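Numbering (the numbering used here), first residue to last: 16 to 79.
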């Protein structure tokens, strides 16, 4: 999963996974295996998330 955080926040992907597993009410099958914190998500000119670009990031194993 790719996530963004507020500017100045110091959050790592491992922190998000740990929170989802142990402190949230999310069902265990919904907890992401990996989380990558990125500066911003790729968006179209209308503001929608570019899902295909996120899939490419995942294939490459990078967040940009």
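For glycine and all other residues, C-beta sits at the position ideal for the given N, C-alpha and C.
Computed from a prediction, not measured in an experiment: that's the story for all the values here.
What's the call for residue i, buried or exposed, on a 16-neighbour Cβ count within 10 Å?
| i | result |
| --- | --- |
| residue 50 | buried |
| residue 18 | exposed |
Quick one: what's got a C-beta closer than 8 angstroms to residue i's C-beta in the same chain, skipping five residues either side?
| i | result |
| --- | --- |
| residue 69 | 17, 56 and 57 |
Do you know whose CA, among the options, lies nearest residue i's CA?
| i | options | result |
| --- | --- | --- |
| residue 2 | 76, 40 and 54 | Coverage of the chain is limited to positions 16 through 79, which leaves residue 2 absent and any answer about it impossible. |
| residue 47 | 60, 61 and 28 | 28 |
| residue 73 | 52, 45 and 62 | 52 |
Tell me, which residues are paired with residue i by DSSP?
| i | result |
| --- | --- |
| residue 52 | 18 |
| residue 58 | 64 |
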